[in-house]
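J.: If you read the sequence shown in this note's numbering, its first letter stands for residue 69, the second for the next number, and so on.
Glycine included, each C-beta is placed from N, C-alpha and C at the ideal position.
Below are the structure tokens for one structure; questions will follow.
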Amino acid sequence: MADSTKPNGKPTIVRAVAKKSPQTEPERFSVVNIAQQNAWQVPILVPMLYLAAIPLAEYAARLRLISFIMNKIGPLALWILSGFDSNAWNGVKIVKSDGNGSLANSVLITSLFYSFVVYVVSAVISIAGQAAGNQAGYQNHEPRKGKESLTGYCHRMVSAHANLMETFPLFAISVLFTQMIAPNNEHLVELVCLQAFAKTFVYIPSYISNVDLPRTISHFLSVGAALRTLTILAIHA
Numbered sequence: 069m070a071d072s073t074k075p076n077g078k079p080t081i082v083r084a085v086a087k088k089s090p091q092t093e094p095e096r097f098s099v100v101n102i103a104q105q106n107a108w109q110v111p112i113l114v115p116m117l118y119l120a121a122i123p124l125a126e127y128a129a130r131l132r133l134i135s136f137i138m139n140k141i142g143p144l145a146l147w148i149l150s151g152f153d154s155n156a157w158n159g160v161k162i163v164k165s166d167g168n169g170s171l172a173n174s175v176l177i178t179s180l181f182y183s184f185v186v187y188v189v190s191a192v193i194s195i196a197g198q199a200a201g202n203q204a205g206y207q208n209h210e211p212r213k214g215k216e217s218l219t220g221y222c223h224r225m226v227s228a229h230a231n232l233m234e235t236f237p238l239f240a241i242s243v244l245f246t247q248m249i250a251p252n253n254e255h256l257v258e259l260v261c262l263q264a265f266a267k268t269f270v271y272i273p274s275y276i277s278n279v280d281l282p283r284t285i286s287h288f289l290s291v292g293a294a295l296r297t298l299t300i301l302a303i304h305a
């Protein structure tokens with residue numbers, strides 16, 4: 069606070085107002101942070117994590133839990149996307165538990181569900197993040213420009229969509245070869261379901277809510293399941 073004098077001789081009081089610093093999210097502890105001086109470890113650590121994810125995905129697939137969940141979700145998604153066609157419910161099974169029917173449709177239904185999540189649901193999340201994170205909202209004439217200044221959860225909403233788009237080709241390749249070589253292999257169907265489940269129900273919520281450990285595990289697990297699928301097909305083709 070400083071004093072000054074007007075021309076009429078009366079003193080005035082000038083108060084200095086401290087500017088508030090921009091709010092940023094508090095730093096969160098992460099078990100996988102890599103310091104700058106340890107950047108040389110990345111070419112060693114990351115491939116090891118991907119290799120470790122392959123047997124982890126194999127173990128998870130043998131539990132036959134994910135396909136049970138997808139057995140409930142897949143027909144519902146098919147029913148909605150088919151325009152509420154009652155035939156979508158008839159004979160649709162993600163897991164062949166009684167030995168009847170074909171598992172070929174299982175891979176297709178899972179692919180339909182995951183494709184809808186990647187190209188529609190996550191796109192909506194990305195647009196919502198841009199609209200909420202920019203003062204001008206979402207500008208459709210320059211749809212990618214609004215991503216540059218995003219921070220916090222809005223940035224993560226956009227980044228989650230970007231990651232799903234980046235990893236979808238690997239899922240598509242594993243599905244394609246599964247359909248071509250072994251469409252009725254129950255274990256491969258489980259691995260396909262695992263890829264979609266990990267990215268949809270674990271990765272997206274974890275990324276947006278900034279919980280990095282389950283986000284990282286689900287990413288590596290999904291990629292590991294895809295690599296395990298292709299490995300099995302390459303061995304037994």
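Can you tell me whether K267 is buried or exposed? The criterion is at least 16 other CB atoms within 10 Å of its CB, across all chains shown.
T.: It is buried - the Cβ of K267 has at least 16 other Cβ atoms within 10 Å.
J.: Is it the case that the region 249-263 contacts the region 175-188, given that we only count it when at least three CB pairs across the two stretches are under 8 Å?
T.: Judged by Cβ distances under 8 Å, the region 175-188 makes contact with the region 249-263, as three or more pairs qualify.
J.: When we look at the beta-carbon of F265 and count the other beta-carbons within 10 Å, is it buried (16 or more) or exposed?
T.: The residue is buried, with at least 16 neighbouring Cβ atoms inside 10 Å.
J.: So the alpha helix (DSSP H) S274 belongs to, where does it begin and stop?
T.: Here the alpha helix (DSSP H) through S274 covers 272-276.
J.: State the Cα-Cα distance for the pair T235 and L259, rounded to the nearest angstrom.
T.: For T235 and L259, the distance between alpha carbons rounds to 15 Å.
J.: Just to confirm before moving on: does the CB-CB distance between L301 and T219 stay below 8 Å?
T.: No.
J.: Where does S242 land, buried or exposed, given buried means 16+ other C-beta within 10 angstroms?
T.: By the 10 Å Cβ count, S242 comes out buried.
J.: In whole angstroms, what separates the C-alpha of V226 from that of I195?
T.: Cα-Cα distance, rounded: 7 Å.
J.: So, at 7 Å on beta carbons, what are the nonlocal neighbours of Y206 in its own chain, with the 5 sequence-adjacent residues on each side left out?
T.: Closer than 7 Å at the Cβ level, and outside the excluded window around Y206, lie I195, Q198, A199, G214.
J.: Could you give the distance in angstroms between the alpha-carbon of D153 and the alpha-carbon of W108?
T.: Taking the straight line joining both Cα atoms gives about 55 Å.
J.: Does Q263 pass the burial test, meaning 16 or more other C-beta atoms within 10 Å, or should it be called exposed?
T.: That one is buried.
J.: Could you pull out every residue in the same chain whose Cβ sits closer than 6 Å to the Cβ of S179, ignoring the five residues on either side in sequence?
T.: The residues are V243.
J.: Assign G201 to one of two classes, buried (16 or more other C-beta atoms within 10 Å of its C-beta) or exposed (fewer than that).
T.: G201 comes out buried.
J.: Less than 8 Å separating the beta-carbons of I122 and R283?
T.: No; because the gap between Cβ atoms is not below 8 Å, this pair is not in contact.
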